[in-house]
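J.:
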Amino acid sequence: RVHINKYTSPPSVSKTMMFSSVILSAVLLGTAEAFLPAKFHSSRPRRSLSMSTTETDWSPSTWKKQPVGNSPTFAPDSDVEGALSELSGFCPLVFAGEVRALHEQIARASQGGAFMLMGGDNSETFDEFSTDRVRDTFRVLLQMALVLTFGSAMPVIKVGRMGGQISGAGGDPQNMVRAYHESAQTLNILRAFSSGGYADISRLHAWNLDFIDSTEEGTMYRKFAAKVDESLRFMSAIGIDTSSPAFTQTDFYTAHECVMLPYEESQTRKDSTTLGAGTKWYGCSSHMLWIGEKNRQLDSAHLEFVRGVNNPLGIKISDKCTPGELIDLLDAMNPRNLPGRVTVIVRMGAGKIRTNLPGLIRAVQREGRSVLWVSDPMHGNTHVTEGGTSTRSFEKIREELRAFFDVHDEMGSHPGGVHLEMTGKDVAELGAGDGDTGR
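Note that my numbering has the sequence shown beginning at 166, numbered continuously upward.
1. Can you tell me the Cα-Cα spacing of VAL529 and MET309, whole angstroms?
2. In its own chain, which residues sit with a C-beta less than 7 Å from the C-beta of TRP455, not counting the 5 before and 5 after it?
3. Under 8 Å between the Cβ atoms of ARG519 and ALA568?
4. Taking DSSP as the reference, what is the three-state secondary structure of HIS452?
5. Once the 5 residues before and after HIS268 are set aside, which same chain residues still bring their CB inside 6 Å of it?
6. DSSP three-state call for HIS579: helix, strand or coil?
7. Going by DSSP, name the residue or residues bridged to LYS481.
8. Between the Cα of ALA411 and those of GLY336, SER360, PRO542 and VAL572, spot the shortest distance and give me the residue it belongs to.
9. Who are the Cβ neighbours of GLY589 in its own chain at under 8 Å, not counting the five residues just before and after it?
10. Would you kindly report the start and end of the unbroken alpha helix (DSSP H) that includes ARG387?
11. How would you call MET513, buried or exposed, if buried means at least 16 neighbouring beta carbons within 10 angstroms?
12. Please check the pair ALA344 and LEU537, which I expect to be a contact at CB under 8 Å, by giving their CB distance rounded to whole angstroms.
13. Can you tell me which of PHE291, LEU566 and TYR447 puts its alpha carbon nearest to the alpha carbon of GLU430?
14. For GLU289, is the classification buried or exposed, using 16 other Cβ atoms within 10 angstroms of its Cβ as the cut-off for buried?
15. Can you list, in chain order, the residues of its chain whose CB lies under 6 Å from that of TYR418, leaving out five sequence neighbours each side?
16. Using 8 Å as the Cβ pair cut-off and three pairs as the minimum, do the segment 495-503 and the segment 531-549 touch?
17. Less than 7 Å between C-beta atoms, sequence neighbours within five positions excluded: which residues of the same chain meet that for THR219?
18. Would you say the segment 549-564 touches the segment 255-263, given that touching needs at least three Cβ pairs under 8 Å?
19. Could you please give the first and the last residue of the uninterrupted beta strand (DSSP E) stretch that includes TYR428?
20. Could you pull the DSSP bridge partners for THR413 from this structure?
21. Quick one: measure Cβ to Cβ for MET283 and HIS573, integer angstroms, because I've assumed they're closer than 8 Å.
22. Should MET425 and GLY285 be called a contact, given that it needs their Cβ atoms to be closer than 8 Å?
23. Can you name, in chain order, every residue of its own chain whose Cβ lies under 6 Å from the Cβ of HIS544, other than the five neighbours on each side?
24. Can you look up MET309 in the DSSP assignment and give me helix, strand or coil?
25. Less than 8 Å between CB atoms is the rule here; does GLY514 satisfy it with respect to chain B?
26. How many angstroms separate the CA atom of ARG501 from the CA atom of ASN353?
27. Using only the alpha-carbon positions, how far apart do GLY473 and GLY524 sit?
28. For the alpha helix (DSSP H) containing GLU269, name the first residue and the last one.
29. In chain order, what residues of the same chain lie with their CB nearer than 8 Å to the CB of ASP571, ignoring the 5 residues before and after it?
30. Please report the straight-line C-alpha distance between GLY277 and LEU503, rounded to a whole angstrom.
31. Once the 5 residues before and after PRO427 are set aside, which same chain residues still bring their CB inside 8 Å of it?
32. How should PHE470 be labelled, buried or exposed, when 16 other C-beta atoms within 10 angstroms of its C-beta is the threshold for buried?
33. Report the residue ranges of all alpha helix (DSSP H) runs contained in full by the segment 506-559; include only those spanning at least 4 residues, in chain order.
34. Nearest by alpha-carbon distance to GLU532: which of PRO542, ASN546 and ASN499 is it?
35. Is the Cβ-Cβ distance between ASP484 and ASN521 less than 8 Å?
36. Should SER208 be labelled buried (16 or more other beta-carbon atoms within 10 Å of its own) or exposed?
Okay, here's the thing in structure tokens:
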């Protein structure tokens, strides 16, 4: 039994399953309408930006002409150039064809035809890296995606907040090299799991996490898995080949925040299939890059960098972002208004989203911009307990998710995804209310 009631879930349901239930119910109850027809194009004049504004005057290093905001630094006497030279000679972590495939899927989602599930640790650390940690996060995402797909009959784009979301890569330049190698291992593990049999839908019973396997929530998942098994047996009985790649493999992509620009520059490559006048650059550290609230200024070095790479891009916005600022950001990041190019990740907090989000959606609709709207219900709901622990209330997270879907329902736009900080480990992360943390 999977709870899909939009407003209630039993108190005992695990955080992972409740996230899946809330998201699933919102997809089922929300709209799947596309954005405005192509004929609605804006006549609004573009504001001139202090950064370079054409693709021809961009290079992977033009960000150095702009102010660098929130970014790790290195000691003055450290060999930064030596580390960057080493990194520039390494193989790309991702490839242009993979990036283009993700772009196409996000474009479909921006028009109401899919839903994006992004998730992973707040940050990856050198000390905690292991195959098991990557696997456990991967299988939680598989579980959540399966619940969403089965209940909504809508494709789910799976994006791991991993393989580059590494903290501690500053200070010593060699930490950037270490971060590359750790990311390469993560991508290798994810590719093996997604195409080597682990993601086979017939193995869905094995995706359950060990520490909840004997709990009520684990029992709920097994009952759900039995229902999927029944569906698979039916499909097999009528002649559908459930051993085909559509059932045994899955597309899985990675994303991280674009923070350390020297590292990102070293991982930028020209697409060998577009050499010549139409050469395209790709950020090959990840399939998707996003810039955070602190680095989204129109003259920022981070915005200058990402506007020139052909990866799908994300931009995190809080209640501080005005409609005009958002349109200016979209002008800079996606001047040709390509579907799938920009994902707007909304992180406002439960108490502010209903007031501030409608104006942003209205501006995007009025100007005819193509974006994918994604909710990040985590960052705007952080608070400090009496004991000094920084945590989040699960109820506030769920409240922001509800509001996100409600607002889109009212505006006739598509609530296209959710971005979660999460892990497959048994950790104290969230509180049931505003008090102490719990599992």
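C-beta: ideal position from N, C-alpha, C; glycine also. A quick note: this is a predicted structure, and the numbers were derived from the prediction, not measured.
T.: A quick look at the data gives this:
1. Taking the sequence shown and counting its residues from 1, the one referred to as residue 529 is at position 364. Taking the sequence shown and counting its residues from 1, the one referred to as residue 309 is at position 144. Straight-line measurement puts the Cα of MET309 at about 29 Å from the Cα of VAL529.
2. Counting from one through the sequence shown, the residue named residue 455 turns up at place 290. Hits under 7 Å: ALA420, GLU422, CYS423, LEU478, GLY479, ILE480, LYS481 and ILE510.
3. Indexing the sequence shown from 1 puts residue 519 at position 354. Indexing the sequence shown from 1 puts residue 568 at position 403. A contact, by the Cβ cut-off of 8 Å.
4. Locating residue 452 in the sequence shown gives position 287, where the first residue counts as 1. Coil at HIS452, not helix or strand.
5. Position 103 of the sequence shown, counted from the first residue, corresponds to residue 268. Only PRO477 and GLY505 meet the Cβ criterion.
6. Looking up residue 579 in the sequence shown gives position 414. The three-state secondary structure of HIS579, taken from DSSP, is coil.
7. Mapped onto the sequence shown, residue 481 falls at position 316. When beta bridges are read from the DSSP output, LYS481 appears opposite ILE510.
8. Locating residue 411 in the sequence shown gives position 246, where the first residue counts as 1. Nearest option by C-alpha distance: SER360.
9. Within the sequence shown, numbered from 1, the residue matching residue 589 stands at position 424. Its chain contains ARG298, ARG300, ASP301, THR302, PHE303, ARG304, VAL305 and LEU374 as the residues whose beta carbon lies nearer than 8 Å to that of GLY589, once the 5 sequence neighbours on both sides are disregarded; these appear in chain order.
10. Translated into positions along the sequence shown, residue 387 becomes position 222. According to the DSSP assignment, ARG387 belongs to the alpha helix (DSSP H) that extends over 381-402.
11. For the purposes of this step, residue 513 is taken as residue 348 along the sequence shown, with counting starting at 1. Result: buried.
12. Stepping through the sequence shown from its first residue, residue 344 is reached at position 179. Stepping through the sequence shown from its first residue, residue 537 is reached at position 372. Your pair ALA344 and LEU537 does not check out as a contact, with CB atoms roughly 28 Å apart and the cut at 8 Å.
13. Locating residue 430 in the sequence shown gives position 265, counting from the first residue. The residue among PHE291, LEU566 and TYR447 with its C-alpha nearest the C-alpha of GLU430 is TYR447.
14. Position 124 of the sequence shown, counted from the first residue, corresponds to residue 289. Classification for GLU289: buried.
15. The sequence position of residue 418 within the sequence shown is 253, counting from 1. Here the set comprises LEU267, VAL324 and HIS452.
16. Three or more beta-carbon pairs separated by less than 8 Å link the segment 495-503 to the segment 531-549, which places the two stretches in contact.
17. By 1-based counting over the sequence shown, the position of residue 219 is 54. Annotation note: pLDDT 49 at THR219 (below 50); position unreliable, coordinate value reported separately. Correct list: empty, nothing qualifies.
18. The answer is no - the segment 255-263 does not touch the segment 549-564, with fewer than three Cβ pairs under 8 Å.
19. Within the sequence shown, residue 428 is the residue found at index 263, counting from 1. Unbroken run through TYR428 is the alpha helix (DSSP H), 426-431; no beta strand (DSSP E).
20. The residue labelled residue 413 in the question sits at position 248 within the sequence shown. Its beta-bridge partners do not exist; DSSP assigns none.
21. Working through the sequence shown from its first residue, we reach residue 283 at position 118. Working through the sequence shown from its first residue, we reach residue 573 at position 408. Here MET283 is actually not in contact with HIS573; their C-beta atoms are around 17 Å apart, not less than 8 Å.
22. Within the sequence shown, the letter at position 260 stands for residue 425. Within the sequence shown, the letter at position 120 stands for residue 285. No. Outside cutoff.
23. As a first step, residue 544 is located in the sequence shown; it is residue number 379 there, counting from the start. The answer, listed in chain order, is ARG512.
24. Taking the sequence shown and counting its residues from 1, the one referred to as residue 309 is at position 144. It is helical.
25. Any reference to chain B falls outside this structure, which holds one protein chain only.
26. In the sequence shown, residue 501 corresponds to position 336, counting from 1. In the sequence shown, residue 353 corresponds to position 188, counting from 1. Rounded to the nearest angstrom, the two C-alpha atoms are 34 Å apart.
27. In the sequence shown, the residue the question calls residue 473 occupies position 308. In the sequence shown, the residue the question calls residue 524 occupies position 359. The alpha-carbon separation between GLY473 and GLY524 amounts to approximately 28 Å.
28. Taking the first residue of the sequence shown as position 1, residue 269 is located at position 104. For GLU269, the enclosing alpha helix (DSSP H) has its first and last residue at 261-275.
29. Working through the sequence shown from its first residue, we reach residue 571 at position 406. ARG519.
30. Locating residue 277 in the sequence shown gives position 112, counting from the first residue. Locating residue 503 in the sequence shown gives position 338, counting from the first residue. Their Cα atoms are separated by approximately 15 Å.
31. On the sequence shown, position 262 is the one that residue 427 refers to. So the list reads VAL245, LEU249 and MET341, once near-sequence residues are dropped.
32. Counted from its first residue, the sequence shown places residue 470 at position 305. Residue burial annotation: PHE470 is buried, with at least 16 other C-beta atoms found within 10 angstroms of its C-beta.
33. Entirely contained in the segment 506-559, the alpha helix (DSSP H) runs reaching 4 residues are, in chain order, 518-532.
34. Counting from one through the sequence shown, the residue named residue 532 turns up at place 367. Among PRO542, ASN546 and ASN499, the Cα nearest to that of GLU532 belongs to ASN499.
35. Mapped onto the sequence shown, residue 484 falls at position 319. Mapped onto the sequence shown, residue 521 falls at position 356. With a cutoff of 8 Å on beta-carbon distance, ASP484 and ASN521 are scored as near each other.
36. One-based indexing of the sequence shown puts residue 208 at position 43. Confidence is the limiting factor: at SER208 the pLDDT is only 43, short of 50, which leaves the residue's position unreliable and the question unanswerable from this model.
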